[in-house]
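Chains X and A are the protein sequences, given in the same order. With this note's numbering, letter number 76 in the first sequence gets 76, and the count goes up by one each step, no holes. With this note's numbering, letter number 15 in the second sequence gets 223, and the count goes up by one each step, no holes. Quick notes on the structure that follows.
There are 2 protein chains.
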Amino acid sequence: MEKPAETHYPIHDLLRQRWSPRAFSDRAVSHDVLCSLMEAARWAPSSSNEQPWHFLIATKETAVEYDRLLSCLNDSNQVWARLAPVLAISIAHTVFADGGETNRHAFHDVGLCVENLVIEATSVELMVHQMAGFSPDKVRELFELPADCEAVAAMAIGYPGDSSLLPDRLRQREGSPRSRKPITDFVFTGRWGHPSPIVTNPIGKETR
Amino acid sequence: MEKPAETHYPIHDLLRQRWSPRAFSDRAVSHDVLCSLMEAARWAPSSSNEQPWHFLIATKETAVEYDRLLSCLNDSNQVWARLAPVLAISIAHTVFADGGETNRHAFHDVGLCVENLVIEATSVELMVHQMAGFSPDKVRELFELPADCEAVAAMAIGYPGDSSLLPDRLRQREGSPRSRKPITDFVFTGRWGHPSPIVTNPIGKETR
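Okay, here's the thing in structure tokens:
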């Protein structure tokens with residue numbers, strides 16, 4: 001199922017096609033494709049090139065490991081995520097490796113990294129659905145996370161599946177329109193809350 | 209100047225080409241192109257579709273606004289960033305709009321959003337260089353940020369320029385090789401620190 005963003009301005013097709021479905025096919029994802037996803041994550045930018053990201057990952061070929069990840073998800077996410085052939089959890093290293101100072105960009109840089117992964121996935125027709133609905137404490141306990149690392153988000157990865165297999169309520173959500181605030185709500189110039197002339201006058205020409 | 213990632217596994221060309229230069233051309237960026245960058249940011253995923261992102265942005269066509277943003281950067285960044293035709297600062301709304309609970313994913317979701325912006329930029333041959341070296345406190349003061357918002361990162365946006373115009377030390381950095389940890393360092397299965405068989409055996413086939 002495709003659900004391209006209804007954009008007001010043109011954007012690259014990979015960004016327009018990306019969305020977060022709940023219906024996954026049981027088609028397996030090969031290791032080499034998953035390596036390309038991680039390679040894409042690897043080349044993200046980060047503050048001081050700290051690369052504060054880690055991933056816990058498992059496929060259904062290793063059922064014990066897959067189930068351990070699945071057990072960290074909220075029940076409401078397990079319902080659909082258990083159909084995805086790959087589960088992962090992103091982890092932030094919250095202090096700098098050199099010196100131990102807090103890295104205020106750790107979560108942010110994990111975000112940069114994961115979006116690279118998501119876009120690489122989109123480019124090979126995989127889908128990624130991230131979840132906040134999981135237990136970071138259970139991840140810490142089950143995987144013995146170091147004190148200076150923190151679980152950020154869970155994610156289901158796989159090829160698109162048949163939404164008719166989802167429970168009613170989720171099937172309806174799967175088909176509902178996507179929505180976002182307009183860019184005039186969040187792009188400001190000069191002072192907070194003042195929509196930028198760049199976005200209120202998009203055909204404006206530079207004068208220099 | 210191009211500086212594609214030396215990847216161990218194939219990744220999409222947009223992700224391979226993206227890097228963070230310091231040499232920017234003085235060629236202006238049109239409003240409609242900047243709107244596409246913000247539109248790409250707009251369609252990023254976020255926890256509960258909260259969209260906790262804002263941007264402060266200015267181009268050189270509005271010198272007062274540009275200089276106000278520039279003044280928030282550390283001196284070491286002003287040296288090169290002042291050549292870029294566009295400056296911006298990403299801002300996180302750190303509590304949920306509905307209820308005021310802390311949004312632990314605010315910085316992370318700004319990261320997802322900004323990487324969408326960066327990849328859109330790459331697709332139209334723009335470059336983005338993010339900086340942690342700026343004063344969040346000065347941003348708060350100059351732009352009267354609400355208490356529940358926090359400046360995340362500064363960024364310079366523009367077309368590639370001539371690195372010979374950079375000061376010696378920065379020109380050398382511009383030409384130096386890019387580096388990243390191997391994926392076996394950050395992709396684990398089963399327990400923390402245990403490299404995943406997915407990345408240690410990338411030609412492994414799924415057995416189900």
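Even for Gly, the Cβ is constructed at its ideal location relative to N, Cα and C.
- Look at H402/A here: in three-state DSSP terms it is coil, with no helix or strand label.
- Not a single C-beta of chain A is nearer than 8 Å to the C-beta of A97/X.
- DSSP places F263/A in the uninterrupted beta strand (DSSP E) bounded by W261 to T267.
- Between H220/A and E120/X a beta carbon distance of about 6 Å is seen, short of the 8 Å cut, so the two are scored as contacting.
- In the structure shown, L166/X falls within a coil segment according to DSSP collapsed to helix, strand and coil.
- Its Cα nearest to that of S387/A, the residue N49/X stands out among A40/X, N49/X and H8/X.
- The C-alpha of K346/A is placed about 44 Å away from the C-alpha of G158/X.
- Rounded to the nearest whole angstrom, the C-alpha separation of I406/A and E144/X is 20 Å.
- Contact residues of the segment 120-137 of chain X toward chain A are E120, S123, Q130 and A132 (C-beta to C-beta distance below 7 Å).
- With fewer than 16 other beta carbons inside 10 angstroms of its own, V64/X counts as exposed.
- For the segment 102-119 of chain X, the residues whose beta carbon sits under 7 Å from a beta carbon of chain A are, in order, H105, F107, H108, D109, V110, G111, L112, V114, E115, N116 and I119.
- Contact between N103/X and A44/X fails: their C-beta atoms lie close to 15 Å from each other, not under 8 Å.
- Listed by position along chain A, the residues whose Cβ is nearer than 8 Å to that of C35/X are H216, Y217, I391, I406, V407 and P410.
- In the displayed model, C243/A falls within a helix according to three-state DSSP.
- Identification of residues in the segment 369-392 of chain A having a C-beta nearer than 7 Å to some C-beta of chain X yields R388, K389 and I391, given in sequence order.
- When beta bridges are read from the DSSP output, M363/A appears opposite A296/A and Q338/A.
- Those residues of the segment 258-270 of chain A placed with their C-beta closer than 8 Å to a C-beta in chain X are Q259, W261, H262, F263, L264, I265, A266, T267, K268, E269 and T270, ordered along the chain.
- The alpha-carbon separation between F186/X and P195/X amounts to approximately 7 Å.
- Going by DSSP, R140/X is part of the alpha helix (DSSP H) stretching over P136 to F143.
- Boundaries cannot be given for H220/A, as no alpha helix (DSSP H) includes it and DSSP labels it neither H nor E.
- Under a criterion of Cβ atoms nearer than 7 Å, the residues of chain A adjacent to E39/X are, in order, T215, H216, Y217, I219 and I391.
- Neighbours of F143/X in chain A, taken as residues whose beta carbon is under 7 Å from its own, are R399 and W400 in chain order.
- Membership of F107/X in the alpha helix (DSSP H) is indicated by the continuous run A106 to S123.
- Here the segment 52-66 of chain X lies against the segment 23-40 of chain X, with 3 or more beta-carbon pairs under 8 Å apart.
- L278/A sits in a helix when the DSSP states are folded into three classes.
- Counting other Cβ atoms within 10 Å of its Cβ, I297/A reaches 16 or more and is therefore classed as buried.
- The contact set of F396/A on chain X, defined by CB atoms closer than 9 Å, consists of H54, F55, L56, I57, I91 and F143 in chain order.
- Selection V118/X, E6/X, L83/X and A156/X evaluated against S25/X yields L83/X as nearest (Cα-Cα).
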